[in-house]
Every structure is written in C-alpha cells, then in structure tokens.
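Student: With positions in the sequence shown counted from 1, the corresponding number in my numbering is that position plus 322.
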Amino acid sequence: MREIGMKAKTFRVAILLLSSVLCCNAAELHLMPWPAQLEQRPGFLNLNQPPQFEVSGADERVTYAVRHFSEQLSARTGVPLRSGNGGPPFVIHCKSSGAKIQTLGEDESYQLNVDEKKIELTADNPLGILRGVETLLQLVQPGVQGWTIPDVQINDHPRFAWRGLMIDTSRHFMPVEILKRNIDGMAAVKLNILHLHLSDDEGFRVESRRCRKFQALASDGAFYTQSQIRDLIAYARERGIRIVPEFDVPGHSVSWQVAYPELSSLPLPSRLVRDDTDHDRPPLDPTLESTYKLLGKFFGEMTALFPDKYFHIGGDEVDGKYWDKNERIQAWMHAHNIKDDHALQAYFNKRVQAILAKHGKRMEGWDEILSPDLPQDTLVQSWRGPETLASAAKMGFQTLLSAGWYLDLMYPASQHYAVEPLSGESASLAQAEQARIIGGEAAQWAEYVTPEILDNRLWPRLAAIAERLWSPASVTDQASMYRRLAVVNRDLEWLDLTHRTNSQRMIDRIAGDAPVDLLETLASALEPVKEYGRGRTESFSTQIPLNRLVDAIPPESDPARRFTELTASAVHDPSLRPELRKQLLQWRDNDAKLQSFLPGSVFLSDLAPLSHDLSALGSVGLEALDTIESGQPMAQEKRSQQLAIVEASSAPHAEMMIVIVPAIRHLVEAQP
C-alpha cells in the first residue's frame, strides 16, 4: 500500500505493506476518516451469511446501530436480511449507556477486531459503537469468495471533539427529510454536530408559540414546527449527532424586525430580504429594554426546545452605520460611556449571554463577538481566518474553525483537506491554549442552494473535512484521499443522498431535446466560479429558480481533475498519451455536434462561449501533443498563439469556468 502519512508508532506499516497482495483485494482500504491505529492481517471474514449479533450493554443507540448495520449490509451486498444460524458472530459490547443528552467531549473511541471467525466491536460509550459500525460498513468489499471483510484490528478515536456542519435554512428553506438524509451522511463519516442557521434577513424558520409573529410574518410559510424539531433532534441523537441552533442577532435580523418592528434601529425594513435590491438591513436596537424582553421570551422557549448545551447567537457582520445615524442610540451610548459600535455589540452580547446562562446554556457566536469582557464559557467560531482562532484561544475562550471550510465557495476537496486547525499562529500556542481549539465546522450558506442542490454542494467534499477533524494530523496524502473519497462518494448513495442522481437529473432536464451526452461532455470540463464570483456577476435572489448548468454540476469536476493528473504524467510517459489524445479529441469535436442545439433553449444558449472555448482547447492540446511526440520544436509564434487561446479560454461564462485550462497550458509549455 502507498504511504498515507501515518506515523510508525500508531501504524504498523510492515503489516499494511502486505495488503496489496491479500486475497480480499485490499490494495487500499476505503476508510474515511482514516483510523488512529490500524493493523491489517492476512485473511478475511466471509459475509455470505448475515452476522449473528451478540449484544451487551446496549441502549437505544446501540439498538439502532445493529439495525442500521443490518439494513446497510443487505442493501450494499444484496444478501437478504434473514434470521437463523449460519452467519459469523458479531459481538458488540458497550460498557456504559452514555449521557441522555449528548455532550461535547463524550467518549467516541472504539476497538474493532475482525478475524476469519467473528467480528468484535467494543466501546465505553454508545457513540463509539456508532462510529465503529460505520467503519465496519466501509470495510465490506467484494472478492473472489463473495462479500468479505479483511482481518483487521482497529483502535480508533477522534482528534477533535467538535466536528460539524452548518446548514443555512434561511435563504432557502431545507425540508426535514433533506436534513435527515444529510444527518445520515454526516454519521457515515463520523461528524457529530449539525449547526442549523435558523434565522436571517430572508426568513425565520422555527415555530414559536410565545412569539407567533415570527412564523406569521417572517417565514413565508416555510418553517419547522416544534414537533418537527423534536423529531429531528431525536433522529440525530440516534445517530450520535448533536443539533445546535443559531438565531442571528443583532445583525442579519431583518426577519426579526418584520415581525417586531419596534426592535429596529431604523430605517424599518419594508419586507423580508428577497434580493440584492433590498438594501435596508439594520441590526436590532441594543439600547432598548424591549429588545431584551423579547429575546428573553423567545430564547427561553428555544432553549427548552433545543437540549444541547450550546446556543448560537450569530453576531456576524453587524453594520454599525445604522447605529451611527440614530441620534437616540448615539445619545444612549454617550450616557453609558460606550465608545463605539464594537463596544455596543459587546454590551449586547453580554446581555444575551446572561439570558442564555439563566437557562443553562453556553453562548456561541461567530468571531465578531470576540471581546475580553465576555464570560470565559463563550464559544467563538472563527470564519474570518485563523488569526481570530488563535486570538480567541489566547484570550481563554473555547474556539472552533470554519475559515477554509466554506463549502459554498466551491473549492476542491484538496483545498479543504489542506486546512489544519493547529497550523499558522495556532501552531505556536501553548499546549493549554491549543486545547481550547476544540474542532471545526464546514459551512454551507444557501444563497445559491435549494433542496434539490444541497446534497451536491455538500458531498463528497464534506467527507474530506470530516477526515481532517477525526484522523491524526499526519494523515495528509491527497492522492490517497481522492482514491478513498471516490468510494465514499459512491457509497453515500446507499443512504439516499442525491448528490449524484440529482445532478444527473438536472443535466437531463437542461438538455431538453439536445443529446444529453454532448452536454455531459461539456459539463465534464466545467466547474462553478469560485469564492464570491457568482455574486459579482449574478444578483442573489430568493425568487429566481436555480436550475441552470452552474447549479447542476458539482463544485469539483472529477474528470477534469483526472485529466490534469494524466496530462502531468503523459508529458513524460508516452504510454499514457493515447488516453490523453482520446479525451482531447472528444472535447475538440463536441462543439460541432452541440452548437446547433444551443440557440433553441434559454438554458443552453449561454453555454455557447464555453462550448467553443473547450473545442479550441482540445485543438491546442492535440497540436501540443503532436509536437511533443514528434520531438520537433514549435515555432515561437505558434506557441504564443496557442497560449493566447488558452488565456482567452480562462474567462468565466454563465458563472462557470473551464478547469482544464491549466492542464492545456502545461501541455503547451512542455513542447520542445
């Protein structure tokens, strides 16, 4: 097996080197996250008969784990579920029942042993049983003797206690069934926090029985009932996942003010934010006692609904210009010796923290809340960069990282995978300060995400982030990550996630009367523009359907990434050039077949420049490949023309970019 970065003291390298010749075809185990310690031995357990369970120390989560394993094993192998004898023993021993309400830092470790006769899974806590079962499912593989599990000994535990995902449900509402299937996906890769962003300028998404105007005036009729929330929390707990709510204050609070205009710092918003033309987005007025009265009433209700110890108040991007222009607020600040907007927000945060503490909660907020005056039990979530992560830890606060893990920015999995919470300024922190960095969260904001698109934007990249937060810091090999991620990407569909099926369905819909294979060929070389590029060319709106090709294609093109890798190798390896040539020919010739279909559809017409440029890149690549194979030097003028075509093709169109441009440039520059 190729090196994947484990240290020898936690990994028996000599044993793993044997895995490429084992009878169960384990050239590389498809585990993600990679375990803390793993020993693979010769041999395998045959699974042609369902395992016979022997369970001790169970609670309802262990009962779920057994059912989940059985159902998934049957679905993935086609071996029917049935009772009776004949299958190998699967011995599960859970030493305690765990906390009734899952808490930060609960033991998630487990020990898994598989030999030719039985499976043994042991953990001190039901959470460990849940994590171990997911590892076991990833070990199941087909072989010459049917479905098997390789003989392994695994001792595993997470590196960070907080491993989360934030989903924005305000800009585009995400129905409960969408959240549930993504909870299943999170459990499969050992994430343990679902952070729900439940209020923002665009909508308020939870039923309140004390403050009914929220759902009546601020939700557009799309909100979670309290019964649905309780059901979702129970569903997540069964899978070892906590749910942390976020209600964003004092900024991002137009929905609050539409329902309760007396809280506004003015000018009063006329409606919920629909698009970029809604410019008035004032924060709440932190100088009014009525603000804290309503917050106390509402937060008192929500702290009872959400059992988790942590409660997120947002606190990000507060636009102080509204406070600056309000003469009454300025007079109040002067009378109370509050010098600026940051100090006013700090005052607000302290008042809110006291409300939450009264109800037994610990306040969490984005890193703009950071202030030495806050109580030390506040949790700070860093989204602006690793500097605030280190600053919060130095100041004595628990903190977690989201910078670098914003999935909506369309970065490739490799870029997310390279983010390390304990690097940069955090690497130089004292050990006690580093211990305050308790993990991290991926973030999925929903300006350009609907329920149809959500899975595609989360998966499979989220699995790479999950590995960074669970596995030892030394597990960093990107090639290994991508090989294992490809298997995870496929297996996630057994959980009814739609990241692949919905993408294909949308492409079929967009193609209309055009041959779908032609559109797929074009799409294989495209990715959405990165960072905030889409917002600069296409105004955000909650009213416009997200149903174009940019919405259908995944954030990272696997065919384009593989082509880039192939190009780098084929320059020096002639045996790879026929495969490279075949792909270049397909891209070159696709435009001539597709062009006649483009003018007849509004969904296809704006793809014409991309289709033309992809064809031109294919031609340039073939010319460069011919020159490389001939060994004859290319004229400088011709090379300059080729590079000009490459550079012109790098411009985005229809909020997408051709991502094979760097590979074609590499071919041109590799010519003699």
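Built from N, CA and C at the ideal position, the CB exists for glycine as well.
What does the alpha-carbon distance come out to for the pair Ala-808 and His-894?
Tutor: Roughly 26 Å between the two C-alpha positions.
Student: Helix, strand or coil for Thr-491? Go by DSSP, reduced to three states.
Tutor: Coil.
Student: Quick check on the DSSP output: what are the complete beta strand (DSSP E) runs of length 3 or more inside the region 633-677, in order along the chain?
Tutor: As far as the region 633-677 is concerned, it has no whole beta strand (DSSP E) run of at least 3 residues.
Student: Identify whether Arg-485 lies in helix, strand or coil by the three-state DSSP scheme.
Tutor: In this structure, Arg-485 counts as strand in the three-state DSSP scheme.
Student: Tell me the start and end of each unbroken alpha helix (DSSP H) in the region 802-836 that is at least 4 residues and wholly inside, in chain order.
Tutor: Fully enclosed alpha helix (DSSP H) runs of 4 or longer: 823-833.
Student: In three-state terms, what does DSSP make of Thr-710?
Tutor: Helix, per DSSP.
Student: What did DSSP end up calling Leu-367 once you bin it into helix, strand or coil?
Tutor: Note: Leu-367 maps to strand in three-state DSSP.
Student: Output the boundary residues of the alpha helix (DSSP H) element that contains Asp-522.
Tutor: Counting along the chain, Asp-522 falls outside any alpha helix (DSSP H), though it belongs to the beta strand (DSSP E) covering 515-522.
Student: Report the rounded CA-to-CA distance for Val-455 versus Ser-863, giving the unit in angstroms.
Tutor: Rounded to whole angstroms, Val-455 to Ser-863 spans 42 Å at the Cα level.
Student: Can you list, in chain order, the residues of its chain whose CB lies under 7 Å from that of Phe-670, leaving out five sequence neighbours each side?
Tutor: Around Phe-670: Pro-572 and Pro-608.
Student: How close, in whole Å, do the beta carbons of Ser-1029 and Asp-446 come, if the pair is a contact with beta carbons under 8 Å?
Tutor: Nothing about residue 1029 can be reported from this structure: the residues present for the chain run from 323 to 994 only.
Student: Hey, Arg-453 and Trp-816 are a contact pair by Cβ (cut 8 Å); roughly how many whole angstroms apart?
Tutor: The Cβ separation is near 18 Å, so there is no contact.
Student: Exposed or buried, what is Ser-612 when buried is set at 16 or more other beta-carbons lying within 10 Å of its beta-carbon?
Tutor: It is exposed - the Cβ of Ser-612 has fewer than 16 other Cβ atoms within 10 Å.
Student: Straight-line CA distance for Leu-338 to Asp-598?
Tutor: Summary for Leu-338: the model assigns pLDDT 35, below 50, so the residue's position carries little reliability, and this model does not support an answer.
Student: Go through its chain and collect everything with a Cβ distance to Tyr-557's Cβ below 8 Å, but skip five positions before and after it.
Tutor: The residues are Lys-502 and Ile-505.
Student: Determine, using beta carbons only, whether Pro-605 and Ile-555 come nearer to each other than 8 Å.
Tutor: Going by C-beta atoms, Pro-605 is not nearer than 8 Å to Ile-555.
Student: Report all residues from its chain with a CB closer than 7 Å to the CB of Phe-333; omit the five preceding and five following residues, and keep chain order.
Tutor: Confidence is the limiting factor: at Phe-333 the pLDDT is only 32, short of 50, which leaves the residue's position unreliable and the question unanswerable from this model.
Student: Roughly how many angstroms lie between the CA atoms of Ser-341 and Gln-667, to the nearest whole one?
Tutor: Caution applies to Ser-341, whose pLDDT of 32 falls short of 50 and renders its modelled position unreliable; the value that the coordinates give is listed next. Rounded to whole angstroms, Ser-341 to Gln-667 spans 57 Å at the Cα level.
Student: Take the Cβ of Ala-714 as the centre, count every other Cβ of all protein chains shown within 10 Å, and call the residue buried at 16 or more, exposed below.
Tutor: With 16 or more other Cβ atoms within 10 Å, it is buried.
Student: Ala-510 and Ile-563 look like a contact to me (Cβ under 8 Å); what is the Cβ gap, rounded to whole Å?
Tutor: That pair is no contact at about 11 Å.
Student: Between which two residues does the beta strand (DSSP E) holding Phe-569 run?
Tutor: Its beta strand (DSSP E) spans residues 564-569.
Student: Is it a yes or a no for the region 757-767 touching the region 794-809, going by three-plus beta-carbon pairs under 8 Å?
Tutor: Touching, no, given that fewer than three Cβ pairs across the two stretches are closer than 8 Å.
Student: So for Ala-985, helix, strand or coil by DSSP?
Tutor: Looking at Ala-985 - three-state DSSP - the assignment turns out to be helix.
Student: Skipping 5 residues on each side, what residues in its chain have a beta carbon closer than 6 Å to that of Tyr-728?
Tutor: Closer than 6 Å at the Cβ level, and outside the excluded window around Tyr-728, lie Ala-765.
Student: Distance, Cα to Cα, Leu-395 vs Glu-887?
Tutor: Cα to Cα, Leu-395 sits roughly 34 Å from Glu-887.
Student: Classify Ile-832 as buried or exposed, calling it buried when 16 or more other Cβ atoms lie within 10 Å of its own Cβ.
Tutor: When all chains shown are included, Ile-832 counts as buried.
Student: Have a look at Ser-693 and Ala-581 and give me their C-alpha separation to the nearest angstrom.
Tutor: Each residue's alpha carbon lies about 30 Å from the other.
Student: Does the distance from the CB of Gly-379 to the CB of His-415 come in under 8 Å?
Tutor: Taking 8 Å as the Cβ cut-off, Gly-379 and His-415 qualify as a contacting pair.
Student: Rank Ile-423, Ile-451 and Arg-493 by C-alpha distance to the C-alpha of Leu-776 and give the top, closest one.
Tutor: Cα-wise, what sits closest to Leu-776 is Arg-493.
Student: Name, in chain order, the residues that DSSP records as bridge partners for Glu-686.
Tutor: BP columns for Glu-686 point to His-634 and Leu-701.
Student: Can you tell me which of the three DSSP states Trp-727 falls into?
Tutor: Of the three classes helix, strand and coil, the one that applies to Trp-727 here is coil, per DSSP.
Student: How do the region 692-706 and the region 836-855 stand: do at least 3 beta-carbon pairs fall below 8 Å, yes or no?
Tutor: No, they do not touch.
Student: Quick check: the region 929-941 against the region 849-866, are at least 3 beta-carbon pairs closer than 8 Å?
Tutor: As far as the Cβ criterion goes, the region 849-866 does not touch the region 929-941, which means the pair count is below three.
Student: Can you look up Ser-321 in the DSSP assignment and give me helix, strand or coil?
Tutor: Residue 321 lies beyond the stretch modelled for the chain, which goes from 323 to 994, so this question has no answer here.
Student: Distance check for Thr-700 and Gln-720, CA to CA, integer angstroms please.
Tutor: Going from the Cα of Gln-720 to the Cα of Thr-700 covers about 7 Å.
Student: State the start and end residues of the unbroken alpha helix (DSSP H) segment that holds Tyr-557.
Tutor: Where Tyr-557 is concerned, the enclosing alpha helix (DSSP H) stretches over 548-560.
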